[in-house]
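> The numbering of the sequence shown is my numbering, which starts it at 250 and goes up by one.
A single structure is presented below for examination.
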Amino acid sequence: MARKTMDCRTMPSESNCTLTITGEEEEVLRTAVAHAVEVHGHTDNEELRTGLRAALTEAPVLELKPGAFVQVIEFSTSRIQELEEVERGWAEAIGPDRTARWVVQTVDRGEPGRFLQMVAFPDRDSAMANSKHPVTNRFAEKLAQLCDGEPTFRNVDVRRVEVF
């Protein structure tokens, strides 16, 4: 079953609510109704549920828009589990200051131990804020210690996004 999304930013609102709910259709609808009643003062009735159901959209697999910024990192390591543990520590340590929206990590089928990681940010400024953060600097030092050789970084701007 396809995942669904309800995004308050797409609904008429005086409060400028930014809540987004993603999940299976019935759980999103149930949560959206509770949110609409508790936060926005609506009455739980069939009209509300019909309107919310009509506003459900397919959840994007990975949200990425033109103008976004992606950092592509190519690296080799025989210590990938340690590296991933350091990444989890970074995510916890940076907390709400994290500007990265998602990461995709791949491993080369022909050359195990060689990885390609794509990290997406809403825009270049967000990526630069992330790069300048002290927690990210400490992470980068640890990353270098866990890699076999120097990682290669490419900074790219997203020009086009197509979903099939």
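Note that CB positions come from ideal geometry on N, CA and C, so glycine has one too.
Any idea if residue 379 is buried or exposed, counting beta-carbon neighbours within 10 angstroms, 16 or more meaning buried?
Counted from its first residue, the sequence shown places residue 379 at position 130. By the 10 Å Cβ count, residue 379 comes out buried.
> Which term fits residue 267, buried or exposed, when burial requires 16 or more other beta carbons within 10 angstroms of its beta carbon?
Counting from one through the sequence shown, the residue named residue 267 turns up at place 18. It counts as exposed.
> Spell out the partners DSSP gives residue 253 in its beta bridges.
Walking along the sequence shown from the start, residue 253 turns up at place 4. Looking at the DSSP assignment, residue 253 forms a beta bridge with 272, 307.
> Could you pull the DSSP bridge partners for residue 322 from this structure?
Residue 322 sits at position 73 when you count from the first residue of the sequence shown. In DSSP, residue 322 forms a bridge with 366, 402.
> Which residue or residues does DSSP assign as beta-bridge partners of residue 351?
By one-based count along the sequence shown, residue 351 stands at place 102. Partner(s): 369.
> Based on DSSP bridge pairs, tell me the residues matched to residue 356.
Numbered from 1 along the sequence shown, position 107 holds the residue referred to as residue 356. BP columns for residue 356 point to 364.
> Please classify residue 303 as buried or exposed, where buried requires at least 16 other C-beta atoms within 10 Å of its C-beta.
As a working note, residue 303 is residue 54 in the sequence shown. Looking at its Cβ environment, which holds fewer than 16 other Cβ atoms inside 10 Å, residue 303 is exposed.
> Starting from the C-beta of residue 372, find all residues in its chain whose C-beta is less than 7 Å away, skip the five residues before and the five after it, and write them out in chain order.
Within the sequence shown, the letter at position 123 stands for residue 372. So the list reads 316, 317, 318, once near-sequence residues are dropped.
> Give the DSSP-derived three-state secondary structure of residue 260 in the structure shown.
Position 11 of the sequence shown, counted from the start, is the residue given in the question as residue 260. DSSP places residue 260 outside both helix and strand once states are collapsed to three, so it counts as coil.
> Just to confirm my understanding: we take residue 323, look at its own chain, exclude 5 residues before and 5 after, and list those with CB closer than 6 Å. What are they?
Position 74 of the sequence shown, counted from the start, is the residue given in the question as residue 323. Hits under 6 Å: 365, 401.
> Run through DSSP, which three-state label would residue 380 get?
By 1-based counting over the sequence shown, the position of residue 380 is 131. Three-state result, residue 380: helix.
> Going by DSSP in three states, residue 385 sits in which element: helix, strand or coil?
Residue mapping note: residue 385 aligns to position 136 of the sequence shown, counting from 1. Helix at residue 385.
> When the Cα of residue 320 is compared with those of 289, 391, 269, 350, which residue comes out closest?
Here residue 320 is taken as the residue at index 71 of the sequence shown, counted from 1. Of the candidates 289, 391, 269, 350, the one whose C-alpha sits nearest the C-alpha of residue 320 is 350.
> Could you please give the first and the last residue of the uninterrupted alpha helix (DSSP H) stretch that includes residue 338?
What you label residue 338 is simply residue 89 of the sequence shown in a count that begins at 1. Where residue 338 is concerned, the enclosing alpha helix (DSSP H) stretches over 329-343.
> Leaving aside the five residues before and after residue 286 along the sequence, list all residues of the same chain whose C-beta is less than 6 Å from its C-beta, in chain order.
Along the sequence shown, read from residue 1 onward, the residue named residue 286 stands at position 37. Cβ within range, chain order: 293.
> Relative to the C-alpha of residue 274, which residue among 262, 259, 296, 301 is closest?
Here residue 274 refers to the residue found at position 25 when the sequence shown is read from its first residue. Minimum Cα distance to residue 274 is reached at 301.
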